[in-house]
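> So the sequence shown is numbered by our numbering: it starts at 1 and just counts up by one.
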Amino acid sequence: MPCQTPPGPGSRPEPARALLTLTMHGKLLPLASLYLVQGLPYGLQSGLLPILLRARGLSLTRVGLAKGLYAPWLFKLAWAPLVDRRGSPRTWLTLSTAALGLVCGLLAALPPNQASQDALPATVMGLLLLLNLGAAVQDVALDTLAVQLLDPAELGPGNTVQVVAYKLGAALAGGGLLVLLPTLSWPLVFVLLAATYWLAAALAWTAPALHQLPWPRPSEHTPHLQDLLAAPETLWTAGFVLTYKLGEQGAGSLFPLFLLDHGASAPELGLWNGLGAVACSITGSSLGGALLARHWEPLLLLRSVLQLRLGGLACQTALLFYLDTPGASVGPGTLLRGAALLSLCLQHFLGGLVTTATFTVMMHCSQLAPRALQATHYSLLATLELLGKLLMGALAGMLADGLGPHPCFTVFLVLSALPLLDLSLAPSTLA
């Protein structure tokens, strides 16, 4: 979503300000609900699914390769022009959200055998792939709707709503459901998700604020990749967003699984690596937005936070080394357990700060592109950012199984240092 500095309200009379505030709330409340629902599939498959697969005895490689289910998110550029040109964003949003409810209903009707130690059935994995396809279409439609709906003065609050609501939805589907899983059965979990999606589809179709959107006009020009890459500073930005999360994502996907292997319980990990970690991530994102609002330069903020993130990952790596010493335990009441859980939360807090600053740089870079290319340009950068995260998330388990935990985390440290070198080459126009 584009980010611009909103103009000040000046000397607008109080009644006018109150009316504008009421109008903005009428837009932000449905957007918050829809972005919360949009975060559910990510939380389901980043927080809940890896723990379930590891608990069934799958190798780290097979757990990591399950992130290939995110593949539809990498092809958003393929159907984004279709969403732009055929029908309205509200129609696409309603249909994709209702389809997500249908997929969840099918998942509820096809629960896997809980006693089996095999991977999830191919039918279930196929439905999870369809869940990601529907969520990716929903993402394009919702972002398009938000860009068209929000006025310049509403972009700041709109971006905050987007980040916080999405992460909250991910936390509820990941950590929240994992904590409740001993109580809730697989069918009941997906029945609840299906009902949530159908309610959200009804909201998308009936919310008064979403009826304000004009019908899209056909575009006369289809942007090509060379047009996007020729935009100022695109090559540097594309390289940075592709690599800035590699080390963090690899460590973040494996460290909770290593804690599970060393005796931590799945519900406890769900609480701390789900709800607790996302709360820290939201806090970090909010702090990043506040610092940028106080005129911190994004690249300067990135340099400072990336250095802190590297130090935090070094501490987490040291904890992992210590876990393999005789007598080390993450059992209840141990100091090591507290340090491990604290390191999880710290890395998510710093990750939220890094993400906010990086997305600001991405938006700034897209604003340097020709106006007719800006939306597609930002979609390209967002796809590359996601590709970097998914790439290491999928390969991290393979690295751990092949190299062992200690060399693997050493690789993550090196990868986390690379973005600091990239920043030394950053173009001045992005400062």
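We treat Cβ as the ideally placed atom computed from N, Cα and C, and that holds for glycine. Source: prediction; values computed, not measured.
Just to confirm the assignment, what range does the alpha helix (DSSP H) spanning A108 have?
89 to 109
> For M362, which residues of its own chain have a beta-carbon under 8 Å away from its beta-carbon, when the five flanking residues on both sides are left out?
T237, V241, Y378, L381, A382, E385
> Measuring straight from C-alpha to C-alpha, what distance separates L127 and L300?
43 Å
> Determine whether the beta carbon atoms of L131 and P41 lie at a separation below 7 Å.
yes
> In the structure shown, what three-state DSSP assignment does L418 receive?
helix
> If the criterion is Cβ atoms closer than 7 Å, does the pair A66 and S253 meet it?
no
> Does the region 59 to 74 touch the region 183 to 201, meaning 3 or more C-beta pairs lie closer than 8 Å?
no
> Whose C-beta lies closer than 8 Å to the C-beta of T243 among residues of the same chain, with five residues either side of it excluded?
G388, L415, L418, P419, D422
> How is the alpha helix (DSSP H) around W198 delimited, first residue to last?
186 to 206
> I believe L34 touches L142 by the beta-carbon criterion, under 8 Å. Please report the beta-carbon distance rounded to the nearest angstrom.
6 Å
> Going straight from the alpha carbon of W79 to that of L430, what length do you get?
29 Å
> Around the Cβ of G312, are there at least 16 other Cβ atoms within 10 angstroms (buried) or fewer (exposed)?
buried
> Can you grab the Cα-Cα spacing for the pair T206 / G134, in whole Å?
Straight-line Cα distance between these residues: approximately 20 Å.
> Helix, strand or coil: how does DSSP classify R62 here?
When DSSP states are grouped into helix, strand and coil, R62 belongs to the helix group.
> Just how far apart, CA to CA, sit V354 and L246?
13 Å
> So, under 8 Å CB-CB, G352 and G284 are touching, yes? Tell me the CB distance rounded to an integer number of Å.
About 3 Å separates the two Cβ atoms, so the contact holds.
> Below 7 Å between beta carbons: does that hold for G39 and G169?
yes
> Classify L22 as helix, strand or coil using the three-state DSSP reduction.
Unreliable positioning characterises L22 in this predicted model, as indicated by a pLDDT of 44, which lies under 50. A coordinate reading is not provided.
> Buried or exposed: where does H211 fall if 16 or more other Cβ atoms within 10 Å of its Cβ makes it buried?
exposed
> Are the CB atoms of A171 and T97 within a distance shorter than 7 Å?
no
> Where does D401 sit, in a helix, a strand or coil, going by DSSP?
helix
> Using 10 angstroms around the beta-carbon of Q226, count the other beta-carbons present and answer buried if the total reaches 16, otherwise exposed.
With fewer than 16 other Cβ atoms within 10 Å, it is exposed.
> Could you tell me the boundaries of the alpha helix (DSSP H) in which H364 lies?
335 to 367
> Assuming contact is defined by CB atoms lying nearer than 7 Å, are C365 and A277 in contact in what I supplied?
no
> If you follow the alpha helix (DSSP H) that R309 is part of, which residue opens it and which one closes it?
298 to 323
> So, helix, strand or coil for L36, using DSSP?
helix
> Let me check understanding here. Comparing Cα to Cα, which of T234, C280, L323 lies closest to A369?
T234 is the residue among T234, C280, L323 whose C-alpha sits nearest the C-alpha of A369.
> Under the three-state reduction of DSSP, which class applies to T376: helix, strand or coil?
Residue state, collapsed to three classes: helix.
> When you compare only the Cα positions, how much space is there between G68 and L390?
8 Å
> Please list, in chain order, all residues of the same chain as R303 whose beta carbon is under 8 Å from its beta carbon, the five residues on each side excluded.
L420, L423
> Taking a contact to mean a Cβ-Cβ separation below 7 Å, would you say L36 touches V161 in this structure?
no
> Which residue marks the beginning of the alpha helix (DSSP H) containing G68, and which one marks its end?
Unbroken run through G68: none, as it is neither H nor E.
> Roughly how many angstroms separate the alpha carbons of P112 and P121, rounded to a whole number?
7 Å
> Between Q249, P427, H262, D139, which lies nearest to V411 when the distance is taken from Cα to Cα?
Q249
> Would you identify the three-state DSSP class for L260, choosing helix, strand or coil?
helix
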